[in-house]
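K.L.:
Protein chains: 2
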Amino acid sequence: MTVSDHNPTRRRAARPRPTIDDVAAVAGVSRGTVSRFLNGGHNVSGTAAEAVGKAIRKTGYVANQHARSLVTQRARSVAFVLSEPQERLFEDPNFNVLLHSCTRALATHDLALVLAIAGEEEDRRRVGRYLTSGHVDGALIVSSHLGNPLLSELVGRGIPVVACGKPLGHERDVAYVAADDRDGARQMAEYLRSAGHRRIGIVTGPPDTPGGIDRLAGFRDVLGEIEPALIAHGDYTHSGGETAMACLLDQAPDLDAVFVASDLMATGAIDALRHAGRRVPEDVAVGGFDDSSIALTARPRLTTIRQPFARISAEMVRLLLGQIEGETPAAVILPTDLVVRDSA
Amino acid sequence: MTVSDHNPTRRRAARPRPTIDDVAAVAGVSRGTVSRFLNGGHNVSGTAAEAVGKAIRKTGYVANQHARSLVTQRARSVAFVLSEPQERLFEDPNFNVLLHSCTRALATHDLALVLAIAGEEEDRRRVGRYLTSGHVDGALIVSSHLGNPLLSELVGRGIPVVACGKPLGHERDVAYVAADDRDGARQMAEYLRSAGHRRIGIVTGPPDTPGGIDRLAGFRDVLGEIEPALIAHGDYTHSGGETAMACLLDQAPDLDAVFVASDLMATGAIDALRHAGRRVPEDVAVGGFDDSSIALTARPRLTTIRQPFARISAEMVRLLLGQIEGETPAAVILPTDLVVRDSA
DNA sequence: CTGAAAGCGCTTACAG
DNA sequence: CTGAAAGCGCTTACAG
Numbered sequence: 003m004t005v006s007d008h009n010p011t012r013r014r015a016a017r018p019r020p021t022i023d024d025v026a027a028v029a030g031v032s033r034g035t036v037s038r039f040l041n042g043g044h045n046v047s048g049t050a051a052e053a054v055g056k057a058i059r060k061t062g063y064v065a066n067q068h069a070r071s072l073v074t075q076r077a078r079s080v081a082f083v084l085s086e087p088q089e090r091l092f093e094d095p096n097f098n099v100l101l102h103s104c105t106r107a108l109a110t111h112d113l114a115l116v117l118a119i120a121g122e123e124e125d126r127r128r129v130g131r132y133l134t135s136g137h138v139d140g141a142l143i144v145s146s147h148l149g150n151p152l153l154s155e156l157v158g159r160g161i162p163v164v165a166c167g168k169p170l171g172h173e174r175d176v177a178y179v180a181a182d183d184r185d186g187a188r189q190m191a192e193y194l195r196s197a198g199h200r201r202i203g204i205v206t207g208p209p210d211t212p213g214g215i216d217r218l219a220g221f222r223d224v225l226g227e228i229e230p231a232l233i234a235h236g237d238y239t240h241s242g243g244e245t246a247m248a249c250l251l252d253q254a255p256d257l258d259a260v261f262v263a264s265d266l267m268a269t270g271a272i273d274a275l276r277h278a279g280r281r282v283p284e285d286v287a288v289g290g291f292d293d294s295s296i297a298l299t300a301r302p303r304l305t306t307i308r309q310p311f312a313r314i315s316a317e318m319v320r321l322l323l324g325q326i327e328g329e330t331p332a333a334v335i336l337p338t339d340l341v342v343r344d345s346a
Numbered sequence: 003m004t005v006s007d008h009n010p011t012r013r014r015a016a017r018p019r020p021t022i023d024d025v026a027a028v029a030g031v032s033r034g035t036v037s038r039f040l041n042g043g044h045n046v047s048g049t050a051a052e053a054v055g056k057a058i059r060k061t062g063y064v065a066n067q068h069a070r071s072l073v074t075q076r077a078r079s080v081a082f083v084l085s086e087p088q089e090r091l092f093e094d095p096n097f098n099v100l101l102h103s104c105t106r107a108l109a110t111h112d113l114a115l116v117l118a119i120a121g122e123e124e125d126r127r128r129v130g131r132y133l134t135s136g137h138v139d140g141a142l143i144v145s146s147h148l149g150n151p152l153l154s155e156l157v158g159r160g161i162p163v164v165a166c167g168k169p170l171g172h173e174r175d176v177a178y179v180a181a182d183d184r185d186g187a188r189q190m191a192e193y194l195r196s197a198g199h200r201r202i203g204i205v206t207g208p209p210d211t212p213g214g215i216d217r218l219a220g221f222r223d224v225l226g227e228i229e230p231a232l233i234a235h236g237d238y239t240h241s242g243g244e245t246a247m248a249c250l251l252d253q254a255p256d257l258d259a260v261f262v263a264s265d266l267m268a269t270g271a272i273d274a275l276r277h278a279g280r281r282v283p284e285d286v287a288v289g290g291f292d293d294s295s296i297a298l299t300a301r302p303r304l305t306t307i308r309q310p311f312a313r314i315s316a317e318m319v320r321l322l323l324g325q326i327e328g329e330t331p332a333a334v335i336l337p338t339d340l341v342v343r344d345s346a
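Respectively, the protein sequence lines represent chains A and B. Read left to right, the first sequence gives residues 3 to 346 (this note's numbering). Read left to right, the second sequence gives residues 3 to 346 (this note's numbering).
(1) Quick check: what's the CA-CA separation for A/V341 versus B/I233?
(2) On a CA-only basis, which of A/A65, A/G203 and A/D292 is nearest A/M247? Give me that one, please.
(3) Please give the ranges of any alpha helix (DSSP H) in the stretch 254–312 of chain B, keeping only runs that are unbroken, at least 4 residues long and fully inside the region.
(4) With 8 Å as the C-beta to C-beta threshold (strictly closer), list the residues of the stretch 89–101 of chain B near chain A in chain order.
(5) In whole angstroms, what is the alpha-carbon distance linking A/L250 and B/Q309?
(6) What separation, rounded to the nearest whole angstrom, lies between the Cα atoms of A/E155 and A/A187?
(7) Do you know how far the Cα of B/S85 is from the Cα of B/P169?
(8) Quick check: what's the CA-CA separation for B/G324 versus A/A109?
(9) The alpha helix (DSSP H) spanning A/L336 covers which residue range?
(10) State yes or no: is the beta carbon of A/T134 nearer than 7 Å to at least one beta carbon in chain B?
(11) So, at 6 Å on beta carbons, what are the nonlocal neighbours of A/L218 in its own chain, with the 5 sequence-adjacent residues on each side left out?
(12) Return the residues of the stretch 273–296 of chain A that lie within a Cβ-Cβ distance of less than 9 Å from chain B, sorted by chain order.
(13) How big is the Cα-Cα spacing for B/D237 and B/S103?
(14) So A/T239 and A/M267 are supposed to be a Cβ contact under 8 Å. How far apart are they, rounded?
(15) Return no unless some Cβ of chain A is closer than 7 Å to the Cβ of B/S37.
(16) I'd like the list of long-range same chain contacts for A/Q253, defined as Cβ closer than 6 Å, with 5 residues on each side in sequence excluded.
(17) Check whether the Cβ atoms of B/G171 and B/L148 sit closer than 7 Å, and answer yes or no.
(18) How big is the Cα-Cα spacing for B/A65 and A/R70?
(19) Determine, for B/T305, whether the minimum Cβ-Cβ distance to residues of chain A falls below 7 Å.
(20) Verify whether the separation of the beta carbon atoms of A/A26 and A/R19 is less than 7 Å.
(21) Taking the alpha-carbon of A/P162 as reference, which of A/V286, A/Y132, A/P331 and A/L275 has the nearest alpha-carbon?
(22) Please classify B/P212 as buried or exposed, where buried requires at least 16 neighbouring CB atoms within 10 angstroms.
(23) Determine the closest residue to B/F318 out of B/V179, B/R184 and B/E244, with distance taken between C-alpha atoms.
(24) List the residues that DSSP assigns as beta-bridge partners of A/E231.
(25) At 3 residues or longer, and completely inside the stretch 83–136 of chain B: list those beta strand (DSSP E) runs for me, N to C.
(26) Could you run through the stretch 115–131 of chain A and flag, in chain order, every residue whose CB is less than 8 Å away from some CB of chain B?
(27) Helix, strand or coil for A/V31, going by three-state DSSP, please let me know.
(28) DSSP three-state label for B/I326, please.
(29) Flag A/V64 as yes if its beta-carbon sits less than 7 Å from any beta-carbon of chain B, otherwise no.
(30) Using the Cβ count rule (16 or more neighbours within 10 Å means buried), how would you classify A/S196?
(31) Which of the residues in the stretch 65–79 of chain B, read from start to end, lie with their CB under 8 Å from any CB of chain A?
(32) Are the C-beta of B/T338 and some C-beta of chain A separated by less than 7 Å?
(33) Between which two residues does the beta strand (DSSP E) harbouring A/D223 extend?
(34) For chain A, is any of its Cβ atoms less than 7 Å away from the one on B/H240?
(35) If you run the structure through DSSP and keep just helix, strand and coil, what is A/Y178?
(36) Mind listing the chain A neighbours of B/A109? Cutoff is C-beta to C-beta under 8 Å, in chain order.
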C-alpha cells in the first residue's frame with residue numbers, strides 16, 4: 003500500500019487534471035480552437051489540429067464531462083431501470099442478457115449506462131428523483147407489471163423512455179419493443195400439438211404482465227378454449243414453476259405436455275415432474291419460453307421460444323435515441339423462433 | 003402517441019426545467035440561500051427555509067447534477083466495471099448478485115452506479131477514457147485474471163478503485179475485498195473427507211485467477227499433495243465444468259468425490275457424471291463453491307461454500323468511499339460458510 | 001442569517 | 001480559420 007509521509011491513512015492528493023486551458027496554452031492557441039478540435043475538428047487548420055493533438059497527448063487531457071453537459075444539456079448517458087420484484091432480479095437470467103446487450107448497444111453510440119433498481123416504493127422515489135435531475139438523457143425500463151407509478155412519473159416529466167415489453171396501461175404514450183409473445187406461444191402450441199400431444203397444459207406468467215396475458219392468448223389461438231384444470235399461474239420464478247406444475251399434475255394427472263411461459267419456470271416444472279416420477283419428455287413434454295442461458299444448462303435441455311434479446315436491445319436504444327432527438331414514441335414488435343432441443 | 007401539430011414525427015419541446023434562480027425568485031430570497039437550503043439547511047432561517055421549500059414544490063425544481071458536480075468536483079456516482087471474458091458475463095449468476103447488491107449498497111449513500119463492460123481490448127480503451135473523464139468518483143471492478151491493463155491505467159491515473167477478489171499483480175496497490183478462498187476450500191475438503199470419501203478430485207478455476215490458485219491451495223492444505231490424475235482445470239463456465247469432469251473421470255475412474263471450484267462448473271460436472279452413468283451423490287459426491295442462485299435450482303441441490311456477497315458488496319462500497327475521501331487502499335478478507343445440501 | 005460575486009470547465013455564436 | 005466573450009446552473013468563501 004502506498005503510504006503518505008504525512009498521514010498514514012491518507013494518500014497524496016491526486017494532481018489536478020489538466021483543463022482545456024492547459025491544452026490551449028501548450029498548443030499556443032485559444033481554448034475555442036481546442037474545443038472545436040475536440041468536437042469534430044471543423045474550422046481548425048491542419049497546423050492548429052496538429053499542435054492541439056500533440057498538446058492533448060502531452061498533458062493527458064480528458065474533457066470534463068460535467069462541464070460539457072452543463073452547456074450542451076446532454077448527459078450522454080442513459081438509465082437502465084429495473085423495476086421488478088426482488089426475487090425476479092436475482093434469479094432471472096433474462097435480465098442479464100438484456101442488461102449486457104443494452105450496455106453494448108449504448109457503447110456503440112458512446113453512451114454510458116447507469117443501472118437503477120427500483121423494486122420497492124422507496125427506491126422508486128429515489129430513482130425518480132435521479133432520472134429527473136438531468137443525470138441521464140433518457141431511460142430504458144423493464145417493468146412488466148401493470149400500473150407502475152414510476153412510468154407515469156417519467157412520462158409526466160417528459161423524460162424519454164422506452165420500455166422492454168408492452169408497458170401495460172401505457173401502450174399509447176410510451177415507446178416499447180417487445181417480442182411477439184402471442185405468436186411465440188402459437189408456435190409452441192402448434193409444435194406440441196403436431197408432436198402428437200393431446201392433453202396440453204399451460205403454466206402462465208402473472209396475469210398483470212404482457213407475457214402472462216399474451217402467451218396464454220396465443221396458446222388459446224391454437225388450442226381453442228382450455229379447460230381450467232389445464233391452466234396454472236406462475237410468477238416467473240423457479241419455485242413458482244414448480245408449484246404451478248404440481249398443481250397441474252394434481253388437477254390433470256393425465257396431461258402429456260405443458261407449455262411453461264418462461265424458461266426459469268420450466269426448470270421448476272421439470273423438477274416437479276421428476277419429483278412426481280414423470281419423465282421429461284417421454285411422459286410429459288415441456289416447452290419453455292425465452293431461450294435464456296438456463297435453457298442450455300437445464301437437463302433435459304429446453305425446447306423453447308427464442309426472444310431476440312440482442313435485437314430487442316438494439317431497437318430499444320435506437321428508439322430511445324430517436325426520442326431524445328425529438329421523435330414521438332413508437333412500438334416495435336419482433337418475431338420469435340421455435341428452438342427444438344430435448345425437453346419436448 | 004402524442005403528435006405535434008407542426009411536425010408529426012417531433013414532439014413538442016419539453017418546457018425548460020426550473021433553475022435555482024427560479025426557485026429563488028418565487029421564494030423571494032437569493033440563490034445562495036436556496037443553495038444552502040439544498041445543502042443541509044445550515045445558515046438558513048426558519049422563514050426562509052419554509053419559503054424555499056414551498057417554492058421548490060411549486061416549481062418542481064430538481065437540482066442539475068452537472069452544474070453541481072462542476073463546482074464540487076464530485077460526480078456522486080461510481081462505476082461498476084466488469085472486465086471478464088464474454089462467456090462468463092452472460093452465464094455466471096455471481097455477477098448478478100454482486101451487481102445488485104453493489105447497486106443497493108451505493109443507493110444507501112445516494113450514489114449512482116454506472117455499469118461498464120470491458121471484455122475486450124477495444125472496450126477497455128473506451129471504458130478507460132470514460133473512467134478518467136470525471137464521470138465517476140471511483141470504480142468497483144471485477145476482473146479476476148492476472149495482468150489486466152485497465153487496472154494499471156486506473157491506478158496510474160489515481161482513480162479510486164476497489165476490486166472484487168484479489169487483484170493478482172496489484173495486491174499491494176489496489177484495495178480489494180475477497181472471500182477467504184483458501185479457507186473455504188479447506189472447509190469443503192474437510193467435509194468431503196469426513197464424509198468418508200477417499201479418492202477426491204478437484205476441478206479448479208483458471209490458474210491465473212485467485213480462485214483458481216487459492217481454492218486449489220486450500221484443498222491441498224487438507225489433502226496434501228494431490229496426484230495429477232485427480233486435478234483438472236476449468237474456466238468457470240458450465241461447459242468447462244463438464245469437460246473437466248469428463249477428463250477427471252477418464253484419468254481417475256475410481257474417484258468418489260470431487261470439489262468443483264464454482265457452482266456453475268459444478269452443474270456442468272454433474273451433467274458429465276450423469277452422462278457417464280454415475281449417480282450424484284451416491285456414486286460421486288460433488289461440492290461446489292459460491293452458493294450462487296444456481297446452487298438451489300440445480301438437481302441435486304448443491305452442497306457448496308457460501309461467499310457472503312451482500313457483505314462483500316457493502317465492504318467494497320465502504321472501501322471505495324474511504325478512498326474517495328483520501329484513505330489509502332486496504333484489503334478485506336471475509337469468511338466463508340459450508341452449506342450442506344444434496345450433492346455431497 | 002443573507003446577498004453579491006467569483007468561479008467550476010466547457011461550448012458556441014459572433015466578429016474579424 | 002481564429003480568438004474573445006458570454007453563459008450553462010450551480011456552490012462557496014466573503015462581507016455585512
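No residue lacks a Cβ here, since even glycine has one placed at the ideal position from N, Cα and C.
P.N.:
Taking the coordinates as given:
(1) C-alpha of A/V341 to C-alpha of B/I233: approximately 36 Å in a straight line.
(2) Checked all of A/A65, A/G203 and A/D292; the closest Cα to A/M247 is A/G203.
(3) DSSP assignment within the stretch 254–312 of chain B yields the following whole alpha helix (DSSP H) runs of 4 residues or more, N-terminal first: 265–277 and 296–299.
(4) Those residues of the stretch 89–101 of chain B placed with their C-beta closer than 8 Å to a C-beta in chain A are L91, F92, E93, P95, F97, N98, V99 and L101, ordered along the chain.
(5) Distance between the alpha carbons of A/L250 and B/Q309: 36 Å.
(6) Taking the straight line joining both Cα atoms gives about 33 Å.
(7) Between the C-alpha atoms of B/P169 and B/S85 there is a straight-line separation of about 12 Å.
(8) When rounded, the distance between both Cα atoms is 30 Å.
(9) From DSSP, A/L336 is part of no alpha helix (DSSP H) but of the beta strand (DSSP E) over A333 to L336.
(10) Yes, A/T134 lies at the interface with chain B (some Cβ there is under 7 Å from its Cβ).
(11) Here the set comprises T206.
(12) The stretch 273–296 of chain A vs chain B, Cβ under 9 Å: D273, R276, S295 and I296.
(13) So the two alpha carbons sit approximately 24 Å from each other.
(14) A Cβ-Cβ distance of about 7 Å is found for the pair A/T239 and A/M267, placing them in contact under the 8 Å criterion.
(15) Taking Cβ atoms only, chain A never reaches closer than 7 Å to B/S37, which makes this a no.
(16) Exclusion of the five residues before and after A/Q253 leaves A231 as the residues of its chain whose Cβ lies within less than 6 Å of its Cβ.
(17) Yes.
(18) Rounded to the nearest whole angstrom, the CA to CA distance from B/A65 to A/R70 is 17 Å.
(19) Not an interface residue.
(20) In this structure, A/R19 does not lie closer than 7 Å to A/A26 by Cβ.
(21) For A/P162, the closest of A/V286, A/Y132, A/P331 and A/L275 by C-alpha to C-alpha distance is A/P331.
(22) That one is buried.
(23) Position check: residue 318 of chain B holds Met in this sequence, whereas Phe was assumed. It is B/V179 whose Cα lies nearest to the Cα of B/M318.
(24) The displayed chain sequence assigns Ala, not Glu, to residue 231 of chain A. Answer is none; A/A231 lacks a bridge partner.
(25) As far as the stretch 83–136 of chain B is concerned, its whole beta strand (DSSP E) runs of at least 3 residues are 114–119.
(26) Of all residues in the stretch 115–131 of chain A, those with a C-beta nearer than 8 Å to a C-beta of chain B are L115, V116, L117, A118, I119, D125, R128 and R131, reading in chain order.
(27) Here DSSP, grouped into helix, strand and coil, assigns A/V31 to coil.
(28) In the structure shown, B/I326 sits in a helix (DSSP, three-state: H, G or I).
(29) Chain B, which has a Cβ nearer than 7 Å to the Cβ of A/V64, makes this yes.
(30) Within 10 angstroms of the beta-carbon of A/S196 lie fewer than 16 other beta-carbons, which makes it exposed.
(31) Hits within the stretch, in order: A65, N66, Q67, H68, A69, S71, L72, A77 and S79.
(32) For B/T338, the answer is no, since every Cβ of chain A falls outside 7 Å of its Cβ.
(33) Note, A/D223: premise wrong, no beta strand (DSSP E); alpha helix (DSSP H) at P212 to L225.
(34) Contacts with chain A at 7 Å (Cβ-Cβ) include B/H240.
(35) Shown here, A/Y178 sits in a strand according to DSSP, grouped into three states.
(36) Simply I119, D125 and R128.
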